[in-house]
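S.K.: Residue numbers are given in UniProt numbering: position 88 of the sequence shown equals residue 88, and the series is strictly consecutive.
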Amino acid sequence: MPFCCDMRGMLSFQILWLLSKRPMNGQEICREIARRKGRGPTPGTIYPALKELRKRGLVRMERAGRETRHSLSERGREGLDKACRYFISAFGEILAEYGKFLEKGARISEGKSSP
1 MPFCCDMRGM LSFQILWLLS KRPMNGQEIC REIARRKGRG PTPGTIYPAL KELRKRGLVR
61 MERAGRETRH SLSERGREGL DKACRYFISA FGEILAEYGK FLEKGARISE GKSSP
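(1) Assuming the contact rule is C-beta atoms closer than 8 Å, G79 and L102 should be a hit. Round their C-beta distance to whole Å, please.
(2) When the Cα atoms are used, what is the spatial distance from R66 to L19?
(3) Which residues in the same chain have their Cβ closer than 6 Å to the Cβ of R60, if we skip the five residues on either side of it in sequence?
(4) Once DSSP output is grouped into helix, strand and coil, what is the label at C5?
(5) Counting Cβ pairs closer than 8 Å, one from the stretch 40-58 and one from the stretch 82-100, do we hit at least three?
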């Protein structure tokens with residue numbers, strides 16, 4: 001299992017996904033995650049995660065004056081591809097089934113085990 005697919009690694013997975021779109025600074029990453037989830041990570045969470053991704057060679061950091069931008073390395077692109085493939089194989093069926101619940105207006109909390 002790729003490291004970014006365990007529950008602790010979901011933040012890493014999100015960061016890699018966002019950086020696959022464009023280089024970003026830490027604040028931009030926090031805002032994008034908040035926009036998608038409704039709540040973003042704190043600086044005390046995001047910067048250690050970025051540091052770990054850099055240490056693993058998945059993310060590059062560039063400084064221009066006071067601005068620090070992070071971008072995906074080639075190794076990061078390969079890792080993200082593997083993580084996406086794993087995520088789809090591990091969770092694709094669950095997501096598809098849940099999509100059927102949503103289409104019917106049902107909720108899992110209503111105690112229904114199938115769409």
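Glycine included, C-beta positions come from ideal geometry on N, C-alpha and C. Because the structure is a prediction, the values reported are computed rather than measured.
M.R.: Quick look at the numbers:
(1) Looking up residue 79 in the sequence shown gives position 79. Looking up residue 102 in the sequence shown gives position 102. The pair is not a contact, with the Cβ atoms about 30 Å apart (cut-off 8 Å).
(2) Residue 66 sits at position 66 when you count from the first residue of the sequence shown. Residue 19 sits at position 19 when you count from the first residue of the sequence shown. About 20 Å.
(3) Residue mapping note: residue 60 aligns to position 60 of the sequence shown, counting from 1. Answer for R60: S71 and S73, listed in chain order.
(4) For the purposes of this step, residue 5 is taken as residue 5 along the sequence shown, with counting starting at 1. Residue placement at C5 cannot be trusted, given a pLDDT of 49 that sits under 50; what the coordinates show is reported in the next sentence. Here C5 sits in helix by DSSP.
(5) Touching, no.
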